[in-house]
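According to my numbering, the stretch in the sequence shown is residues 18 to 521, in order.
What follows is a short report on a single structure.
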Amino acid sequence: MKKEWNTMKAKRTGHPILTSFTLLFCAIMLAAAPAAIARTPSGDSPESFADLAARLSPTVVNISSSQKIEEAKDFPEMPQFPPGSPFQDFFEEFMNRRGHGVPFAPPSMMGSGFVIDAENGYIVTNNHVIDGADDIHVILSNDQNVTAELIGTDPETDIAVLKIDPKGLNLTSAKFGDSDRIRVGDWIIAIGNPYGLGGSVTAGIVSALARDINSGKYDDYIQTDAAINRGNSGGPMFNMAGEVIGINTAIFSPTGGSIGIGFSIPSARAKPVINQLIKFGKTRRGWLGVKIQTVTDDIAESLGLDKARGALVVIANKDGPADKAGIKDGDIILSINGQEVTEMRVLPRLVAETEIDALADVEYWRDGKVHKTQVKVGHLEKAQEEGLVDDEKPPEDAEGTLIDSVGLSVAPINDELRKNFDIPANVKGLVIVKVEDLSEAAEKGLTPGEVIVEINQQPVSDPKHLIDVIETAKGAQRSSVLLLVNRGGEVRFVPLKIPGGPKE
C-alpha cells in the first residue's frame, strides 16, 4: 500500500516535499449540501463560515484502511552469545515479546472522503488513501464506524469510489458545483481530519487554477491557501454556495505541514471519472492514437503558426483513430469539439473526457493553414491492453557535409553508417555524423547517429536539399526550421534557429 507521495512527488517536481494527503495525512472533507451562509456586502469577506460548516460537516467522513501481511513464520532464532554477555538478556526479552508466528501490526492509513449519494451509500476519496488496502472503514460525522466496499479506483487522477450500506445511517449527500466557474480570489472552505484530530474546518481563497504539479498526465489542479494538512486527502473543497468544487489531494511543503500551498482536483475533472467508476468499476477514456510534444515558440514560427499553442503530433499510430481521420506526423492539433488546446497537456484530458466511439471535431495545423476532420474516438484502456499505447515520452533532444549555419555535419545513410549507428533498416534520411561544440544543434541536444528524416515537413535524403530549405527559410524571413529526427526508431521534432532571421 502506498503510504504517501512525498518522495515520488518531490522527485517529479524537484521540490523538497510534495505530500499527497494519504491516510496517514488525514484528508480534508467538506460536506456539500444546500446551504445558507452568512453573507456580507459584495467585496467583503464572509462575516462567518459557521452556518456553512454546520450544514456541510455531516457530508464529510473519515476513512481508515489497513493491509494484511504474512505472519513471521520464519523469524530467525536468537543468536548465541558468550555466557554473561550483556546482549543475552536483551535478545531474550526481545524474542519473548516478539514470539514466533505472531503477525506484524498491519499497516494502516487514515484519510477523508465525502458522501455523494446518500440513498446508495457512495463515497468519494483519493486512490492513495485506500491503495492496496484489504480492510476499509468509514467513520461518519456522528462517530458511527461502518465497513466500506471498494467500487473502483483511478490512479491516473487519484480518485476512488467506496460504498457503504446506507440503511439506518441517515446519510447526507454533498452536492457538486462547477469548478470551471470559479475564479482566482474566490473564497473556499475545507473540512477534514488533519492528523487524525477529527472534523476540522479551514478557509481560504483560490490561489491559482490549472496547476500542473507533475503528478500525472491529467494534472489540472486548483491551488488554495486554505490550511490543508496530512490527513486531508480525499476531502472536499467547497465554494460559498456549499458545493464541492474540488477534492483535496496534495500539498507542497518542506516540512510536511501546511504552508498555504494545497492542491485539489477540480470537480469538472473528477465527476466524469466518478460516474465511470460507479457505472463500470473502472475508467473508460477516449483515445486518439497519437504521441505528442510541446509546441515551442521556435516550432510555431518554423511552421508559420501565429503563436505557441496546440499539441504537435510526433507519431500518429498506424490505423489508430487519428491516422484513420487523416492526421499525420507533424500536424499540430489546435482544438477538439470546439475546445481549444492551449498547450500540449490539455489534449490528453480533453480526449480522455470524450465519449468512446463518438465523432470528435478536430482542427489541426498543416502547411500553413487550419484543417478540419472528424475522428472516431477510440477506447484508451482497450488500446493499452492490446499494446497499442506507447506512454514513453519522446527521447531527450538529440564527417559529411557541414551545415555551418546550424553547426552540424550530415551524410546520406549507407550500409556502414547504418551499422555503426544501429539505424533501423526502414529509416531513411540524413544521418548526423558530427555536431559542433557551442552550436545551435548542440544546444538543442542533437547528437551523432540521429537521422534527420524531414525538414519543415519535407522528406530529406540529400545534404543539398537540407541546405536549400534552410536558405529558403532565411529568404522568407523565418528565424528557424523544424527537423523531424529519428533515434533508434523513436522520433521527435527539433526546431533549429538559423542566423540572419528576423529574431537575430
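C-beta: ideal position from N, C-alpha, C; glycine also.
Worksheet item: Does the distance from the C-beta atom of Leu69 to that of Ala135 stay below 7 Å?
Response: no
Discussion item. I need the DSSP call for Glu488, collapsed to helix, strand or coil.
Written reply: helix
Item to complete: Please confirm whether Ile344 and Ala328 have their CB atoms less than 7 Å apart.
Response: no
Item to complete: Could you check the C-alpha separation between Ile140 and Ala258 for me, to the nearest Å?
Response: 21 Å
Discussion item. Going by DSSP in three states, Ser284 sits in which element: helix, strand or coil?
Written reply: helix
Worksheet item: What residues in its chain sit with their C-beta under 8 Å from that of Leu186, if we drop five residues either side in the sequence?
Response: Gly138, Leu157, Gln161 and Val163
Worksheet item: Between Glu380, Glu507 and Met126, which lies nearest to Lys308 when the distance is taken from Cα to Cα?
Response: Glu507
Discussion item. Suppose you measure from the CA of Ala458 to the CA of Asn503; what does that come to, to the nearest Å?
Written reply: 15 Å
Item to complete: Can you grab the Cα-Cα spacing for the pair Phe42 / Ile147, in whole Å?
Response: Annotation note: pLDDT 33 at Phe42 (below 50); position unreliable, no value reported.
Discussion item. Among the candidates Phe66, Val132, Asp175 and Leu179, whose CA atom is the shortest distance from the CA of Ser82?
Written reply: Leu179
Worksheet entry | Contact the stretch 207-214 vs the stretch 74-81: 3+ CB pairs below 8 Å | yes
Worksheet item: Which runs of the beta strand (DSSP E) fall wholly inside the stretch 312-371 and span at least 3 residues, in chain order?
Response: 328-333 and 349-353
Fill in: Presumed contact (8 Å Cβ cut-off) between Gly263 and Pro283, rounded CB distance
6 Å
Fill in: DSSP state of Ala428 mapped onto helix, strand, coil
strand
Discussion item. By the three-class DSSP mapping on this structure, what secondary structure does Ser224 have?
Written reply: strand
Discussion item. Less than 7 Å between the C-beta atoms of Asn354 and Ala377, yes or no?
Written reply: yes
Discussion item. For Tyr238, tell me which candidate among Arg247, Asn246, Gly248 and Met254 has the shortest Cα-Cα distance.
Written reply: Met254
Worksheet entry | As assigned by DSSP and simplified to three states, the class of Ile515 | coil
Practice prompt. In the DSSP assignment, find the beta strand (DSSP E) that holds Val468 and state where it starts and stops.
Written response: Val468 to Ile472
Worksheet item: What are the boundary residues of the alpha helix (DSSP H) that Gln401 is part of?
Response: Leu397 to Glu402
Worksheet item: Does DSSP put Asn503 in a helix, a strand or coil?
Response: strand
Worksheet item: How should Phe297 be labelled, buried or exposed, when 16 other C-beta atoms within 10 angstroms of its C-beta is the threshold for buried?
Response: exposed
Worksheet item: For Val363 versus Gly303, is the C-beta distance shorter than 7 Å?
Response: no
Worksheet item: Between the stretch 199-208 and the stretch 219-227, are three or more C-beta pairs nearer than 8 Å?
Response: yes
Worksheet item: When the Cα of Lys324 is compared with those of Ala285, Asp340, Arg286 and Gly385, which residue comes out closest?
Response: Gly385
Practice prompt. Using a Cβ cut-off of 7 Å (strictly closer), state whether Gln391 contacts chain D.
Written response: In the structure shown, chain D does not exist; there is a single protein chain.
Worksheet item: With burial defined as no fewer than 16 other Cβ atoms inside 10 Å of the residue's Cβ, what is the status of Arg433: buried or exposed?
Response: Checking the sequence shown, residue 433 turns out to be Glu, not Arg. Classification of Glu433: exposed, given that the 10 Å Cβ count is below 16.
Worksheet item: Under the rule that 16 or more other beta-carbon atoms within 10 Å means buried, what is Glu409, buried or exposed?
Response: Unreliable positioning characterises Glu409 in this predicted model, as indicated by a pLDDT of 39, which lies under 50. The coordinate reading is nonetheless provided below. Answer is exposed; the Cβ neighbour count stays below 16.
Worksheet entry | Backbone secondary structure at Lys436 - three-state DSSP | helix
Practice prompt. Using alpha carbons as the reference points, say which of Arg301, Lys481 and Ile440 lies closest to Gly169.
Written response: Arg301
Practice prompt. Please list, in chain order, all residues of the same chain as Ala428 whose beta carbon is under 8 Å from its beta carbon, the five residues on each side excluded.
Written response: Glu416, Gly417, Thr418, Leu434, Leu447, Val448, Val450 and Pro480
Worksheet item: Over what stretch of residues does the alpha helix (DSSP H) that includes Ile147 continue unbroken?
Response: Asn144 to Ile147
Worksheet item: First and last residue of the beta strand (DSSP E) that includes Ala207?
Response: Trp204 to Gly209
Item to complete: Could you check if Asn431 is buried or exposed, using at least 16 other CB atoms within 10 Å of its CB as the buried criterion?
Response: exposed
Worksheet item: By Cβ distance below 6 Å, which residues in the same chain neighbour Lys389 in space, the five residues on each side in sequence not counted?
Response: Glu380
Discussion item. Applying the 10 Å Cβ sphere with the 16-neighbour rule, what's the burial state of Asp454?
Written reply: exposed
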